[in-house]
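> Pasting a structure here, questions to come.
There are 4 protein chains.
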Amino acid sequence: MLQVTEVRVRYAETDQMGVVYHANYLAWCDIGRTDLIRALGGMTYAELEREGTALAVVEAHLRYVKPARYDDLIRVTTRVTEVRSRVVRFDYEINIADGGLIAIGYTTLVAMTREGRGSCIPEHLRQQLDRVRVNA
Amino acid sequence: MLQVTEVRVRYAETDQMGVVYHANYLAWCDIGRTDLIRALGGMTYAELEREGTALAVVEAHLRYVKPARYDDLIRVTTRVTEVRSRVVRFDYEINIADGGLIAIGYTTLVAMTREGRGSCIPEHLRQQLDRVRVNA
Amino acid sequence: MLQVTEVRVRYAETDQMGVVYHANYLAWCDIGRTDLIRALGGMTYAELEREGTALAVVEAHLRYVKPARYDDLIRVTTRVTEVRSRVVRFDYEINIADGGLIAIGYTTLVAMTREGRGSCIPEHLRQQLDRVRVNA
Amino acid sequence: MLQVTEVRVRYAETDQMGVVYHANYLAWCDIGRTDLIRALGGMTYAELEREGTALAVVEAHLRYVKPARYDDLIRVTTRVTEVRSRVVRFDYEINIADGGLIAIGYTTLVAMTREGRGSCIPEHLRQQLDRVRVNA
Numbered sequence: 806m807l808q809v810t811e812v813r814v815r816y817a818e819t820d821q822m823g824v825v826y827h828a829n830y831l832a833w834c835d836i837g838r839t840d841l842i843r844a845l846g847g848m849t850y851a852e853l854e855r856e857g858t859a860l861a862v863v864e865a866h867l868r869y870v871k872p873a874r875y876d877d878l879i880r881v882t883t884r885v886t887e888v889r890s891r892v893v894r895f896d897y898e899i900n901i902a903d904g905g906l907i908a909i910g911y912t913t914l915v916a917m918t919r920e921g922r923g924s925c926i927p928e929h930l931r932q933q934l935d936r937v938r939v940n941a
Numbered sequence: 806m807l808q809v810t811e812v813r814v815r816y817a818e819t820d821q822m823g824v825v826y827h828a829n830y831l832a833w834c835d836i837g838r839t840d841l842i843r844a845l846g847g848m849t850y851a852e853l854e855r856e857g858t859a860l861a862v863v864e865a866h867l868r869y870v871k872p873a874r875y876d877d878l879i880r881v882t883t884r885v886t887e888v889r890s891r892v893v894r895f896d897y898e899i900n901i902a903d904g905g906l907i908a909i910g911y912t913t914l915v916a917m918t919r920e921g922r923g924s925c926i927p928e929h930l931r932q933q934l935d936r937v938r939v940n941a
Numbered sequence: 806m807l808q809v810t811e812v813r814v815r816y817a818e819t820d821q822m823g824v825v826y827h828a829n830y831l832a833w834c835d836i837g838r839t840d841l842i843r844a845l846g847g848m849t850y851a852e853l854e855r856e857g858t859a860l861a862v863v864e865a866h867l868r869y870v871k872p873a874r875y876d877d878l879i880r881v882t883t884r885v886t887e888v889r890s891r892v893v894r895f896d897y898e899i900n901i902a903d904g905g906l907i908a909i910g911y912t913t914l915v916a917m918t919r920e921g922r923g924s925c926i927p928e929h930l931r932q933q934l935d936r937v938r939v940n941a
Numbered sequence: 806m807l808q809v810t811e812v813r814v815r816y817a818e819t820d821q822m823g824v825v826y827h828a829n830y831l832a833w834c835d836i837g838r839t840d841l842i843r844a845l846g847g848m849t850y851a852e853l854e855r856e857g858t859a860l861a862v863v864e865a866h867l868r869y870v871k872p873a874r875y876d877d878l879i880r881v882t883t884r885v886t887e888v889r890s891r892v893v894r895f896d897y898e899i900n901i902a903d904g905g906l907i908a909i910g911y912t913t914l915v916a917m918t919r920e921g922r923g924s925c926i927p928e929h930l931r932q933q934l935d936r937v938r939v940n941a
């Protein structure tokens, strides 16, 4: 499964180089995986946290190919590429909607309780994620 | 009492106009009032929240006079200008350290419980704030 | 004219109080006025800047009524409430899409050249803005 | 050479998990390398850009070990780990000032002209960076 999410670049996301500040891509990836989890049709990520399980980012990698600019329409394609009992990895491909690839990356997340202790991904979600998993 | 806090403009805070994005001044005001509360010598704002009382912003006003730029050293001068049982107002004057005034503003905050219900400012803090209060 | 824009609250926009950090509302207002200018059917704001005119925020005011939370669908209603040769004011009403009012505010902007000197709003845009102007 | 920079966690940087949102670490890394370049004693990064050369991030990697919290004093240790004619890599170790390691990472940057075309790192800066280079 590919989750495709569109975001329009906000003025607040640009920097004085006239392009999107590199840290902001991580917030787009976050939106991408939130939408992917929503599309699975079970609990949304918001509900998951309310139920007591958070997914905390433990690793993030981004490779920036071309800049994104203010008001560009951005397409974030998100895939699940690894699922373990406590860990899930998402890979991202970020494109300008009517242009080319601007970045690729991944984030690895671990399940945590509200108190910050390691936990398991709830079984139903883990199965759903595993079913849509593809190779990185 | 005047609390003077210095922050250096971060690249992340600039926008494509080549100046600091206007929303980021509110985060500087936040640092200013945090430092003022720390300087009172009682509970820090972090401790206040851990004890169960948050101060939530209910009004914010900023007037922007001149732009701030990347790597500028910014001086935020914070004053307490109103103290009531549930409400506190802070006024801010923001300067470039070796230049002129760039913005003035204020924020009004109300005390809340962790659950988001209205609450009173803890008595000790309220008295400390009242003691350093000046006119707006 | 009312411009209605929807944004979904991003995780990045929350703070440890479990609600949207107050500064982030200003970025939503920015999206609201960008969309309003786009809806006028002439130059987009991005094109306006490329042509050499920026609209810089010189005043911002927000009153926060109720908190917004992660994943809420937010509806920003933007109106033009003042138009002069160099100045335009936008008023905002911010609602949770299936809930009530969460904030109201306004921002006043002045036209600037790329070099940061005062300038006039291009005549065509000024007329368009004036045509959709309502009272504050 | 190790550049050690301290930043205090801002409320704006927290998220509803009660910890610093992961994207914000990249802004701290940015501050770290800015301070390292300042400490070299030649052009600051701000001056470098004014002279026409920007350093654009083309790769970023972060591994998050422990969370950072509001008001924590953070220590970012920055090293130069690779210098080529157009490319420089910085490695970061991020600690809580009175605690342990919270993250490690690196960013790779390439020199660009103001127009966004590939360029060389100015010779004087390249030599300075090379002199303080250590192994990753």
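Residue numbers (our numbering), protein chains in the order written: chain A, 806 to 941; chain B, 806 to 941; chain C, 806 to 941; chain D, 806 to 941.
We put the CB at the ideal spot given by N, CA and C, even for glycine.
Computed from a prediction, not measured in an experiment: that's the story for all the values here.
#1: Out of I901/B, V937/B, S890/B, point me to the one whose CA is closest to V915/B's CA.
#2: Using a beta-carbon distance cut-off of less than 8 angstroms, what residues from the segment 840-867 of chain D approach chain A?
#3: Rounded to whole angstroms, what is the Cα-Cα separation between E811/A and W833/A?
#4: For A817/B, return the contacting residues in chain A, with the cut-off set at a CB-CB distance below 8 angstroms.
#5: Could you check whether V809/D and V825/D sit closer than 9 angstroms to each other, using their CB atoms as the reference points?
#6: Taking the straight line between their C-alpha atoms, what separation do you get for G846/A and Y830/A?
#7: Who pairs with Y911/D in a beta bridge, going by DSSP?
#8: What residue from A859/D, A844/D, T819/D has the CA that sits closest to Y816/B's CA?
#9: Tell me the DSSP secondary structure of Q932/A in three-state form.
#10: For T883/D, which residues of its own chain have a beta-carbon under 6 angstroms away from its beta-carbon, when the five flanking residues on both sides are left out?
#11: Give the straight-line distance between the Cα atoms of D876/A and Q932/B, rounded to the nearest whole angstrom.
#12: Of all the CB atoms in chain B, is at least one closer than 9 angstroms to the CB of L934/D?
#13: Short of 7 angstroms Cβ to Cβ, which residues in the segment 911-935 of chain C face chain B?
#14: What residues from the segment 868-890 of chain D come within 7 angstroms of chain B, judged by C-beta to C-beta, listed N to C?
#15: Measuring CB atoms only, is the segment 905-919 of chain C touching the segment 860-879 of chain C, in the sense that at least three cross pairs come out at less than 8 angstroms?
#16: Interface residues of chain B around A902/D at Cβ under 8 angstroms?
#17: Mind checking which residues open and close the beta strand (DSSP E) that includes T882/A?
#18: Helix or strand or just coil, what does DSSP make of T839/A?
#19: Would you kindly work out how many angstroms separate the C-alpha atoms of Y850/C and T819/B, rounded to a whole number?
#20: I'd like the span of the alpha helix (DSSP H) that includes E852/C, first residue to last.
#21: Which of helix, strand or coil does DSSP assign to E920/B?
#22: Give me the Cα-Cα distance between V888/C and C925/C, rounded to the nearest whole angstrom.
#23: Cα-Cα, which of V870/A, Q821/A, T918/A, M806/A is closest to G904/A?
#24: In chain order, what residues of the same chain have a beta carbon less than 8 angstroms from the beta carbon of R874/C, not counting five sequence neighbours either side?
#25: Determine the extent of the beta strand (DSSP E) in which V812/D is found, giving its start and end residues.
#26: Using CA coordinates, which residue listed in I901/C, I879/C, V937/C, T918/C is at the minimum distance from L853/C?
#27: Compute the distance between the beta-carbons of V885/D and L934/D, then report whether it is under 9 angstroms.
#28: Please state the DSSP three-state secondary structure of A902/B.
#29: Along chain B, which residues have their Cβ under 7 angstroms away from the Cβ of G823/A?
#30: Does DSSP put L845/B in a helix, in a strand, or in coil?
#31: Cα-Cα, which of L878/A, M806/A, H827/A, E856/A is closest to N900/A?
#32: According to the Cβ coordinates, are A861/A and M806/A closer than 9 angstroms?
#33: Round the Cβ separation of P927/C and G921/B to the nearest angstrom and send it over; I've been treating them as touching at under 8 angstroms.
#34: Please determine, among V893/C, A902/C, A908/C, the residue with the shortest C-alpha to C-alpha distance to V937/C.
#35: Tell me whether V937/C sits in a helix, a strand or coil according to DSSP, three-state version.
#36: Can you tell me the Cα-Cα spacing of A908/C and V939/C, whole angstroms?
The answer reads as follows:
#1: S890/B
#2: E854, A859, A861, V862, V863, E864, A865, H866, L867
#3: 9 angstroms
#4: D820, Y826, A828
#5: no
#6: 25 angstroms
#7: H866/D, D896/D
#8: A859/D
#9: helix
#10: Q808, G837, R838, L841, F895, Y897
#11: 49 angstroms
#12: no
#13: G921
#14: Y875, D876
#15: yes
#16: Those within 8 angstroms of A902/D in chain B number zero; the least Cβ separation is about 14 angstroms.
#17: 878-888
#18: helix
#19: 18 angstroms
#20: 850-855
#21: coil
#22: 11 angstroms
#23: V870/A
#24: V814, T819, G823, V824, V825
#25: 808-813
#26: T918/C
#27: yes
#28: coil
#29: Q821
#30: coil
#31: L878/A
#32: no
#33: Going by Cβ atoms, the distance from P927/C to G921/B rounds to 45 angstroms, so no, they are not a contact pair.
#34: V893/C
#35: helix
#36: 19 angstroms
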